[in-house]
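Notes follow once the structure below has been shown.
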Amino acid sequence: LYSCELAEDGSKRGYDLYAYDGKNFLSFNKATLNWTAASAEAETTKKKWDADLDRGWRKKIYLEEECLAWLKKWLDYGIEPVTLLPREHPIGSSFHIPVKDLLCRAHGFYPKEIDASWRRDGEVWLEDTLQGSVAPNSDGTYYYWLSIQIDPKERSRYRCHVEHDGLQEPLELAMEEAALSAVYSRKGGMVLGILLLVILIGCIGKYAATLQMGL
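According to UniProt numbering, the stretch in the sequence shown is residues 1 to 215, in order.
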């Protein structure tokens, strides 16, 4: 799970948490660039990641810069002010953000070659899609993302289709109503994470439901 927030006073907050089998595993402290292990099993990974200062700096920069840039971009797509009217008098205002942008991200894969696309009703769909470039991680693996703008009412028609040598078979992931989906598949000692993200009010979230762990 990761999220970022920009407070009214300009302060920035960000969180990066990992879970395994439904339990907390690791959490990132962007002030110290260190990781906190939630269990004895996480200690090995904590020591490895603590020693990788580049990973820590990249996490900090992402949470304080890139994540907020995405958040602002999505907010600009369409904000409708909603006045809250209790029985006696108004007490404030909030914002309604239509969920219409889906982001599919593959990370931690090797080799570099990957085939990912959005599909609607089983057919490759290029309209209203954006694709990033395959980029390297500090550990020698790669990551890639693609997004799409959709009508929320037609969400069930869309799938993120991913093919890679590290997968036993192609993946097709669907965004469930008001939920985030993640699948990890392992082959030959390599872990490939595929995540679907949905716009959330005030943050961008990622839920890592690990089926097989290979950190």
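For each residue, glycine too, the CB sits at the ideal point set by N, CA and C. If you're wondering where the values come from, they're calculated on a predicted model, not measured in any experiment.
Considering Cα atoms alone, identify which of the options is closest to residue i.
i           : options            : result
residue 14  : 25, 21, 2, 24      : 2
residue 31  : 7, 164, 12         : 12
residue 73  : 121, 9, 101        : 101
residue 144 : 119, 173, 113, 165 : 113
residue 159 : 146, 166, 168      : 146
residue 128 : 122, 103, 136      : 103
residue 173 : 167, 166, 162      : 162
residue 120 : 133, 151, 111      : 151
residue 134 : 42, 125, 164, 153  : 164
residue 18  : 49, 10, 5, 9       : 49
residue 171 : 125, 142, 115, 148 : 115
residue 141 : 70, 123, 148, 111  : 111
residue 63  : 122, 33, 166, 45   : 33
Our contact map puts residue i next to residue j with C-beta atoms below 8 Å; I'd like the distance itself, whole angstroms only.
i          : j          : result
residue 40 : residue 26 : Rounded, the Cβ-Cβ distance is 12 Å, inconsistent with contact.
Only counting the same chain, and skipping five residues up and downstream in sequence, which positions put a Cβ closer than 8 Å to that of residue i?
i           : result
residue 138 : 52, 54, 55, 58
residue 125 : 117, 118, 119, 148, 158
residue 153 : none
Could you pull out every residue in the same chain whose Cβ sits closer than 6 Å to the Cβ of residue i, ignoring the five residues on either side in sequence?
i           : result
residue 7   : none
residue 131 : 146
What are the residues that DSSP puts in a beta bridge with residue i?
i           : result
residue 152 : BP columns for residue 152 are empty, so no partner.
residue 129 : 148
residue 25  : Its beta-bridge partners do not exist; DSSP assigns none.
residue 20  : 23
residue 37  : 26
Can you find the residues in the same chain that come closer than 7 Å, C-beta to C-beta, to residue i, ignoring five residues on each side of it along the sequence?
i          : result
residue 86 : Note that residue 86 scores 40 on pLDDT, short of 50, meaning its location in the model is unreliable; the coordinates nonetheless yield the value given after this. No residues qualify anywhere along the chain.
residue 28 : 16, 35, 59
residue 68 : 4, 6, 12
residue 47 : none
Say whether the region 100-109 touches the region 21-35, bearing in mind that this needs 3 or more beta-carbon pairs closer than 8 Å, one atom from each stretch.
Contact between the region 100-109 and the region 21-35 is absent, because fewer than three Cβ pairs lie under 8 Å.
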